[in-house]
Amino acid sequence: MCQGRADLVKVSPQPAVERAVQSCVVPLLSRLGLRKLIRMLVLHSVGKATMVISNVPGPQQQRTLCGETLSGMQYFLFSPVGAYIGVCSYAGSIAAGASLERALEPEPAKLMMHWKPSAYELLEACERERAAAPQSGV
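Position in the sequence shown (first residue = 1) + 593 = the numbering used here.
Now the structure itself:
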C-alpha cells in the first residue's frame, strides 16, 4: 500500500504544476501587497505532511572542509512540518537528527533515544533476511 502510493507520488505532475503556478502567482501577489495570502499558499504546499522522514546518502569517504576532516554529517529540514527525522550516511556511518514542533514534543532527544536500538534491530533483520535469501550462481 505505502509503496504503491510512493510510486504514484514519484510520477505525479502535481508538484511541478504547483511550482509553476506559484512561480507566477507569488510575484503577482507580492506586487499587490498580499503577503498573508502568499504565506497561506506556501503553507498549503508544504504543510500537507505532519511528519517527514528523509535519507540522504553522503560521501562514503571522509571529506575535509577548510583543511579539517569532517567527523560526521547531518542536515535538518526547516519548514512548517510537525515532525522531521533526517538520516544521512557518511564515511561508513549513519547519523540521524530530528526536529519537532514544540507543541508535539519540546525535547526531540526523547524521540531520538530510540534511534540507536531501532537501527540495530533493523540492521539485524536485514542481515537475517540476506542470510535466508537464496544465493544466485553468478
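From the three backbone atoms N, C-alpha and C, an ideal C-beta is built for every residue, glycine too.
Contacting residues, own chain, Cβ-Cβ under 8 angstroms from residue i (five flanking each side not counted)
| i | result |
| --- | --- |
| E722 | none |
| R628 | L622 |
Residue i, enclosing alpha helix (DSSP H) - first and last residue
| i | result |
| --- | --- |
| M705 | P701 to M705 |
| P620 | Q607 to R624 |
Separation of residue j from residue i, as counted between CA atoms
| i | j | result |
| --- | --- | --- |
| L634 | S616 | 11 angstroms |
| Q653 | G685 | 6 angstroms |
| G626 | V618 | 12 angstroms |
| A724 | E661 | 39 angstroms |
| M644 | M666 | 22 angstroms |
| Y683 | K709 | 16 angstroms |
| G651 | V680 | 10 angstroms |
| A718 | R632 | 44 angstroms |
| A691 | A702 | 8 angstroms |
| P727 | V614 | 50 angstroms |
| R695 | S647 | 20 angstroms |
Exposure label - residue i; buried when at least 16 CB within 10 Å
| i | result |
| --- | --- |
| Y668 | exposed |
| I678 | buried |
| Y713 | exposed |
| L715 | exposed |
| L663 | exposed |
| L693 | buried |
Limits of the beta strand (DSSP E) - the one that residue i falls within
| i | result |
| --- | --- |
| C719 | Counting along the chain, C719 falls outside any beta strand (DSSP E), though it belongs to the alpha helix (DSSP H) covering W708 to A725. |
Neighbour flag for residue i against chain C, beta carbons, 8 angstroms
| i | result |
| --- | --- |
| Q655 | Reference to chain C is not applicable here, since this structure consists of a single protein chain. |
Beta-carbon contacts of residue i that lie in its chain and below 7 angstroms, excluding the five residues immediately before and after
| i | result |
| --- | --- |
| E786 | Residue coverage of the chain in this structure runs from 594 to 731, which leaves residue 786 outside it and unanswerable. |
Cut-off 6 angstroms between Cβ atoms - residues of its own chain near residue i, not counting five sequence neighbours on either side
| i | result |
| --- | --- |
| A688 | G665, Q667 and C681 |
Which complete alpha helix (DSSP H) runs does the segment 659-698 hold, if anything under 4 residues is left out?
none
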